[in-house]
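Take a look at the structure set out below.
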Ligand SMILES: CC(C)(COP(=O)(O)OP(=O)(O)OC[C@H]1O[C@@H](n2cnc3c(N)ncnc32)[C@H](O)[C@@H]1OP(=O)(O)O)[C@@H](O)C(=O)NCCC(=O)NCCS
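In the numbering used here, the protein residues as written are 1 to 329.
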């Protein structure tokens, strides 16, 4: 059976590090509170002149190099982001031009922090159907650009970065199953109010600070804990696997308490779960992409391993993927 598999992976992080101590100087918070309630110690922040596409391009080049693929060989580029360079054109088109992927279709996909895993599922369909051979999926964010640096409820949580994966066809292993879902009744738990057709940008929306991330932390927390377990078990079921078969869980990096709860509910050991949240914070749709690239780079993923990706985010949305890792196509 023709399936999609990951043959290249890459990440890119802005060099500027913002610590919890730095945040103590900006809002009424403490390093102790942030670490205890979220697990986060630091995050990367892009500078003023850096757009989401700039991070996406560097992550993409790394992924293409690992896959030993020329940009011209790409058939499709999907960028998952909630912080596109502009409302339109798609950030994927900017990436397509700047990396020289002259034969690729390109579009953006928005599913909050679940976006990268949604993107993998979309890219996989094009490969399984035989329509395309080489697909690039990118999760990239500059959340710092839509962060209200006076809101301690949100500004301590997020960071910037990008991750990318090259998908190609294989007849052994690869993506075994996906589980995607949404519950739009939770749309008001995590959103940016203005700048779209419902509330176009105006002097008033700027004055009212409606171009920033707004979040109700508690409902999102509860949703995350419930969803991480359910989506994980559902995708394993579809792949005819159990949690015993899993070598590594790569969860969306939002809060170590959420990750710990998922780990316990799935009865996994600590070393079976990849966590980089303390170093990078929540990078939204880049989070699973970056964590996956790091885990592969650090030897935490090897050919033949069963890897489980699971994410949740604004929408509300969730997405999980079961992969039998196989780079040898
Ligand atoms: C945001 C989150 C860390 C808050 O943790 P919490 O334990 O739920 O804390 P609460 O919201 O109950 O707030 C407790 C208190 O801490 C305060 N607080 C919030 N942020 C704070 C900060 N940065 N520093 C110090 N105190 C803070 C609150 O104001 C509140 O004070 P009050 O009791 O006087 O009103 C947690 O709800 C969470 O992680 N939610 C999920 C968020 C998420 O994953 N978002 C991304 C989805 S992709």
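For glycine and all other residues, C-beta sits at the position ideal for the given N, C-alpha and C. On a predicted model such as this, the values are computed, not experimentally measured, just so you know.
Given the structure, does residue i come close to ligand 1, in the sense that its CB is under 7 Å from one of the ligand's heavy atoms?
i: residue 156; result: yes
i: residue 318; result: no
i: residue 256; result: no
i: residue 153; result: yes
i: residue 277; result: no
i: residue 220; result: yes
i: residue 147; result: no
i: residue 113; result: yes
i: residue 29; result: yes
i: residue 33; result: yes
i: residue 38; result: yes
i: residue 302; result: no
i: residue 248; result: no
i: residue 309; result: no
i: residue 18; result: no
i: residue 192; result: no
i: residue 321; result: no
i: residue 282; result: yes
i: residue 315; result: no
Measuring only the C-alpha atoms, how far is residue i from residue j?
i: residue 42; j: residue 168; result: 35 Å
i: residue 49; j: residue 101; result: 24 Å
i: residue 230; j: residue 84; result: 30 Å
i: residue 34; j: residue 40; result: 6 Å
i: residue 107; j: residue 118; result: 13 Å
i: residue 225; j: residue 262; result: 6 Å
i: residue 303; j: residue 165; result: 16 Å
i: residue 31; j: residue 152; result: 12 Å
i: residue 222; j: residue 266; result: 16 Å
i: residue 315; j: residue 81; result: 13 Å
i: residue 325; j: residue 252; result: 19 Å
i: residue 145; j: residue 160; result: 9 Å
i: residue 192; j: residue 135; result: 30 Å
i: residue 278; j: residue 114; result: 20 Å
i: residue 92; j: residue 154; result: 27 Å
i: residue 181; j: residue 62; result: 30 Å
i: residue 206; j: residue 284; result: 23 Å
i: residue 300; j: residue 292; result: 9 Å
i: residue 29; j: residue 22; result: 10 Å
i: residue 276; j: residue 89; result: 32 Å
i: residue 26; j: residue 157; result: 14 Å
i: residue 64; j: residue 203; result: 43 Å
i: residue 59; j: residue 104; result: 17 Å
i: residue 298; j: residue 97; result: 31 Å
Leaving aside the five residues before and after residue i along the sequence, list all residues of the same chain whose C-beta is less than 8 Å from its C-beta, in chain order.
i: residue 268; result: 243, 246, 249
i: residue 201; result: 194, 195, 211
Is DSSP giving residue i helix, strand or coil here?
i: residue 40; result: coil
i: residue 80; result: strand
i: residue 221; result: helix
i: residue 294; result: helix
i: residue 58; result: helix
i: residue 11; result: strand
i: residue 86; result: coil
i: residue 313; result: strand
i: residue 139; result: strand
i: residue 323; result: strand
i: residue 235; result: helix
i: residue 3; result: strand
i: residue 308; result: strand
Taking the alpha helix (DSSP H) that residue i belongs to, which residues open and close that run?
i: residue 125; result: 115 to 128
i: residue 108; result: Unbroken run through residue 108 is the beta strand (DSSP E), 105 to 109; no alpha helix (DSSP H).
i: residue 160; result: Careful: residue 160 lies outside any alpha helix (DSSP H), inside the beta strand (DSSP E) at 160 to 170.
i: residue 394; result: Nothing in the structure corresponds to residue 394, since the chain is present only between 1 and 329.
i: residue 71; result: Element bounds for residue 71: n/a, residue is neither H nor E.
i: residue 261; result: 256 to 265
Could you check where the beta strand (DSSP E) with residue i kicks off and where it finishes?
i: residue 178; result: 174 to 182
i: residue 214; result: 213 to 215
i: residue 190; result: 190 to 192
i: residue 209; result: Residue 209 -> no beta strand (DSSP E), and no H or E assigned at all.
i: residue 376; result: Given that the chain is displayed from residue 1 to residue 329, the structure contains no residue 376 and the question cannot be resolved.
i: residue 19; result: 17 to 19
By Cβ distance, which residues of its chain are closer than 6 Å to residue i, with the 5 residues on each side in sequence left out?
i: residue 38; result: 255
i: residue 320; result: 179, 231, 232, 235, 310
i: residue 330; result: This structure cannot settle anything about residue 330, because the visible part of the chain is limited to 1 through 329.
i: residue 132; result: 75, 76, 126
i: residue 289; result: 116, 139, 163
i: residue 142; result: 46, 52, 83, 160
i: residue 120; result: 137, 321
For residue i, which residues in the same chain have their Cβ closer than 7 Å to its Cβ, ignoring the five residues on either side in sequence?
i: residue 209; result: 148
i: residue 227; result: 312, 318
i: residue 239; result: 176, 177, 322
i: residue 128; result: 2, 3, 4
i: residue 44; result: 13, 14, 16, 17, 159, 160, 161, 280
i: residue 170; result: 3, 5, 326, 329
i: residue 122; result: 78, 109
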